[in-house]
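By the count of the working numbering, the sequence shown reaches residue 310 at its end, each step adding exactly one. Every residue, glycine too, gets a C-beta built ideally from N, C-alpha and C. No experiment lies behind these values; they were computed from the predicted model shown.
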Amino acid sequence: PVTNGWSLQRLSRRDAFLSIATAGATLVDGLPLPAIADDITTIDQVQVVATGDAKKLFNEGRALEMQGNMMAAQRLYKKVTAVSPRFVYGWSNLGNTQVALGTLDPADESYTTAIDLCKESLQQEAGIGVRQCSDLYLLFLNRGCLRLNNGQPKQALSDLLQADVLRGRPDAIVLQNLARAKELNGQYSSADRDYTVAISMTANEVNPFWLRSALVKLQIGDIKGGYDLLKRVENRFPEAPEVRAASSVFLTASGDQTAGQQKFLEIPDRQRANYSDESYMTNTISWPPAALSTLSKVTTAVGDGSAI
Numbered sequence: 003p004v005t006n007g008w009s010l011q012r013l014s015r016r017d018a019f020l021s022i023a024t025a026g027a028t029l030v031d032g033l034p035l036p037a038i039a040d041d042i043t044t045i046d047q048v049q050v051v052a053t054g055d056a057k058k059l060f061n062e063g064r065a066l067e068m069q070g071n072m073m074a075a076q077r078l079y080k081k082v083t084a085v086s087p088r089f090v091y092g093w094s095n096l097g098n099t100q101v102a103l104g105t106l107d108p109a110d111e112s113y114t115t116a117i118d119l120c121k122e123s124l125q126q127e128a129g130i131g132v133r134q135c136s137d138l139y140l141l142f143l144n145r146g147c148l149r150l151n152n153g154q155p156k157q158a159l160s161d162l163l164q165a166d167v168l169r170g171r172p173d174a175i176v177l178q179n180l181a182r183a184k185e186l187n188g189q190y191s192s193a194d195r196d197y198t199v200a201i202s203m204t205a206n207e208v209n210p211f212w213l214r215s216a217l218v219k220l221q222i223g224d225i226k227g228g229y230d231l232l233k234r235v236e237n238r239f240p241e242a243p244e245v246r247a248a249s250s251v252f253l254t255a256s257g258d259q260t261a262g263q264q265k266f267l268e269i270p271d272r273q274r275a276n277y278s279d280e281s282y283m284t285n286t287i288s289w290p291p292a293a294l295s296t297l298s299k300v301t302t303a304v305g306d307g308s309a310i
């Protein structure tokens with residue numbers, strides 16, 4: 003949750019991973035432990051429901067995860083994958099805890115295993131005592147969100163397009179992350195449409211991703227529409243440095259650079275330095291080109307230098 007400060011990257015990751023719990027498949031660190039031969043349950047079919055020792059370990063892991071004890075939960079999920087290596091949610095929940103602990107590459111591997119098993123499950127014939135995996139869209143969503151935060155925008159876009167198709171209906175969480183992926187791949191008009199639908203589904207509560215939507219509108223030339231949207235974000239998060247920086251951009255783009263400079267100087271010095279740092283602007287928050295260009299005019303005018 004937002005406390006002191008503002009991080010769109012952290013928030014987007016958190017918001018995306020909220021979807022996991024609804025599938026019984028939650029989000030963090032380390033490679034799965036090697037399975038010990040005597041402990042492996044020899045089952046050819048993919049497992050959607052845990053059984054035996056794996057069920058007990060899995061339920062204990064979920065309880066720990068709900069308590070916020072991710073490291074302990076992760077240890078149990080690793081045991082689950084060792085005992086039942088063909089149990090879909092053992093891998094997906096391991097991936098969730100790996101993300102929560104910040105080890106994204108192992109988490110990607112865990113999600114990929116869960117996706118492969120889920121796909122295989124859907125090819126199995128359903129019958130008495132045989133359940134098929136029904137959460138493939140969530141698995142693609144989670145891996146796509148992970149890849150958004152791990153420097154893989156093209157792969158993220160592929161995953162999130164899959165999630166959108168598999169979802170079969172508009173979903174605010176899928177759409178806001180799909181829009182972000184499209185934005186990072188330069189598909190601004192399409193990103194704008196997805197952001198707009200996601201916002202229409204969350205209109206009663208201002209969300210940080212609305213700022214991303216506002217900047218995309220600026221990129222496609224809709225300065226008024228973007229600024230109107232940003233004002234709602236500013237009302238909710240008036241002191242957030244990124245909101246103040248974005249506000250200065252819209253003021254400048256609207257023809258009032260003096261007001262834009264004044265708004266920018268409201269950001270505390272240490273935090274303001276980020277907005278003339280090329281790595282921060284292009285890699286950490288990844289603003290669109292039009293916003294970067296306009297902000298550069300502001301930072302140069304106030305003597306902070308330029309990020310581009």
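Using a beta-carbon distance below 8 Å, is arginine 169 in contact with chain B? Among the chains in the structure shown there is no chain B, since it carries only a single protein chain.
Suppose the cutoff is 8 Å on Cβ atoms and the five residues either side in sequence are ignored; what does the same chain contact list for phenylalanine 60 look like? Start at 1 with the first residue of the sequence shown, and residue 60 comes out as number 58. So the qualifying residues of the chain are Ala52, Leu78, Tyr79, Val82, Phe89, Tyr91, Gly92, Asn95.
Reducing DSSP to helix, strand and coil, say where valine 30 ends up. For the purposes of this step, residue 30 is identified with residue 28 of the sequence shown, where counting begins at 1. In this prediction, valine 30 scores a pLDDT of 29, lower than 50, which makes its location untrustworthy; the coordinate-derived value is nonetheless stated afterwards. Coil, per DSSP.
Give me the Cα-Cα distance between glutamate 280 and proline 243, rounded to the nearest whole angstrom. As a first step, residue 280 is located in the sequence shown; it is residue number 278 there, counting from the start. As a first step, residue 243 is located in the sequence shown; it is residue number 241 there, counting from the start. When rounded, the distance between both Cα atoms is 16 Å.
When the Cβ atoms of the segment 94–114 are set against those of the segment 62–72, are three or more pairs found closer than 8 Å? yes
Between the alpha carbons of phenylalanine 266 and valine 300, how many angstroms are there, rounded? The residue given as residue 266 occupies position 264 in the sequence shown. The residue given as residue 300 occupies position 298 in the sequence shown. The straight-line gap from Cα to Cα measures roughly 8 Å.
So, at 8 Å on beta carbons, what are the nonlocal neighbours of glycine 307 in its own chain, with the 5 sequence-adjacent residues on each side left out? Your numbering for residue 307 matches position 305 in the sequence shown. Ser278, Thr301, listed in sequence order.
Whole alpha helix (DSSP H) runs in the segment 132–162 with 4 or more residues, listed along the chain? 138–150
In the DSSP assignment, the alpha helix (DSSP H) including threonine 254 goes from what residue to what residue? As a working note, residue 254 is residue 252 in the sequence shown. Run containing threonine 254: 243–255, per the alpha helix (DSSP H) assignment.
Separation of arginine 171 from valine 50, as counted between CA atoms: What you label residue 50 is simply residue 48 of the sequence shown in a count that begins at 1. What you label residue 171 is simply residue 169 of the sequence shown in a count that begins at 1. Distance between the alpha carbons of valine 50 and arginine 171 is about 24 Å.
Going by beta-carbon coordinates alone, are alanine 193 and glutamate 185 separated by less than 8 Å? For the purposes of this step, residue 193 is identified with residue 191 of the sequence shown, where counting begins at 1. For the purposes of this step, residue 185 is identified with residue 183 of the sequence shown, where counting begins at 1. Contact: yes.
Please return the same chain residues whose Cβ sits closer than 6 Å to the Cβ of arginine 169, not counting the five positions on each side in sequence. By one-based count along the sequence shown, residue 169 stands at place 167. Within the same chain, arginine 169 has close Cβ partners Tyr139, Val176.
Beta carbon of asparagine 152, beta carbon of aspartate 110: below 8 Å? Here residue 152 corresponds to residue number 150 of the sequence shown, with the count starting at 1. Here residue 110 corresponds to residue number 108 of the sequence shown, with the count starting at 1. Yes, the Cβ-Cβ distance between asparagine 152 and aspartate 110 is below 8 Å.
How many angstroms separate the CA atom of aspartate 46 from the CA atom of lysine 121? Within the sequence shown, numbered from 1, the residue matching residue 46 stands at position 44. Within the sequence shown, numbered from 1, the residue matching residue 121 stands at position 119. So the two alpha carbons sit approximately 14 Å from each other.
What are the start and end residues of the alpha helix (DSSP H) that includes phenylalanine 60? By one-based count along the sequence shown, residue 60 stands at place 58. That run of the alpha helix (DSSP H) goes 54–68.
Alpha carbons only, please: which of Glu62, Gly305, Pro291 is nearest the one belonging to glycine 188? Here residue 188 refers to the residue found at position 186 when the sequence shown is read from its first residue. Comparing Cα positions, the closest option is Pro291.
Test item: CB-CB of alanine 56 and serine 86 under 8 Å: As a working note, residue 56 is residue 54 in the sequence shown. As a working note, residue 86 is residue 84 in the sequence shown. Cβ distance < 8 Å, so alanine 56 and serine 86 count as in contact.
Among the residues of its own chain, which have a CB less than 6 Å from the CB of leucine 180, if the five just before and after it don't count? For the purposes of this step, residue 180 is taken as residue 178 along the sequence shown, with counting starting at 1. Same-chain partners within the cutoff: Leu162, Asp166, Asp196.
For glutamine 221, three-class secondary structure by DSSP: Taking the first residue of the sequence shown as 1, we reach residue 221 at position 219. Helix, per DSSP.
Please report how far the alpha carbon of glutamine 264 lies from the alpha carbon of phenylalanine 142, in whole angstroms. Numbered from its first residue, the sequence shown carries residue 264 at position 262. Numbered from its first residue, the sequence shown carries residue 142 at position 140. Roughly 43 Å between the two C-alpha positions.
Whole-Å CB distance - valine 245 paired with phenylalanine 239, under 8 Å assumed: Locating residue 245 in the sequence shown gives position 243, counting from the first residue. Locating residue 239 in the sequence shown gives position 237, counting from the first residue. Right, the Cβ-Cβ distance comes to about 5 Å (below 8 Å), so this counts as a contact.
Return the CA-CA distance between threonine 260 and alanine 303, expressed in angstroms with no decimal places. The count along the sequence shown starts at 1 and reaches residue 260 at position 258. The count along the sequence shown starts at 1 and reaches residue 303 at position 301. So the alpha carbons of these two residues sit roughly 9 Å apart.
With a 10 Å radius around its C-beta and 16 neighbouring C-beta atoms as the bar for buried, classify isoleucine 201 as buried or exposed. Along the sequence shown, one-based indexing puts residue 201 at 199. Isoleucine 201 should be labelled buried.
Within 10 angstroms of the Cβ of isoleucine 310, are there 16 or more other Cβ atoms? Answer buried if so, exposed if not. In the sequence shown, counting from the first residue as 1, residue 310 sits at position 308. Exposed: under 16 other Cβ atoms inside 10 Å.
Same chain only: Cβ atoms within 6 Å of arginine 145, ignoring 5 sequence neighbours per side: The count along the sequence shown starts at 1 and reaches residue 145 at position 143. Cβ within range, chain order: Tyr113, Asp161.
Let me know the secondary structure DSSP gives phenylalanine 89 once reduced to three states. The residue given as residue 89 occupies position 87 in the sequence shown. Strand, per DSSP.
Just the C-alpha distance for glutamine 134 and arginine 182, rounded to the nearest angstrom, thanks. If you number the sequence shown from 1, residue 134 lands on position 132. If you number the sequence shown from 1, residue 182 lands on position 180. Looking at the two C-alpha atoms, the distance is approximately 31 Å.
For alanine 216 versus alanine 248, is the C-beta distance shorter than 8 Å? The residue given as residue 216 occupies position 214 in the sequence shown. The residue given as residue 248 occupies position 246 in the sequence shown. A contact, by the Cβ cut-off of 8 Å.
Have a look at Leu220, Gln221, Arg234, Ser250 and flag the residue whose alpha-carbon is nearest the alpha-carbon of threonine 204. What you label residue 204 is simply residue 202 of the sequence shown in a count that begins at 1. The shortest Cα separation from threonine 204 among Leu220, Gln221, Arg234, Ser250 belongs to Arg234.
Going straight from the alpha carbon of glycine 227 to that of glutamine 221, what length do you get? Against the sequence shown, residue 227 aligns to sequence position 225. Against the sequence shown, residue 221 aligns to sequence position 219. Taking the straight line from one Cα to the other gives about 11 Å.
Beta-carbon proximity list for glycine 219, same chain, < 8 Å, skipping 5 on both sides: Along the sequence shown, one-based indexing puts residue 219 at 217. Checking the displayed sequence, the identity of residue 219 turns out to be lysine instead of glycine. So the qualifying residues of the chain are Asp194, Ile225, Gly227, Gly228, Leu231.
Note down the Cα distance separating methionine 283 from methionine 73, rounded to an integer number of angstroms. Taking the first residue of the sequence shown as position 1, residue 283 is located at position 281. Taking the first residue of the sequence shown as position 1, residue 73 is located at position 71. Rounded to the nearest angstrom, the two C-alpha atoms are 32 Å apart.
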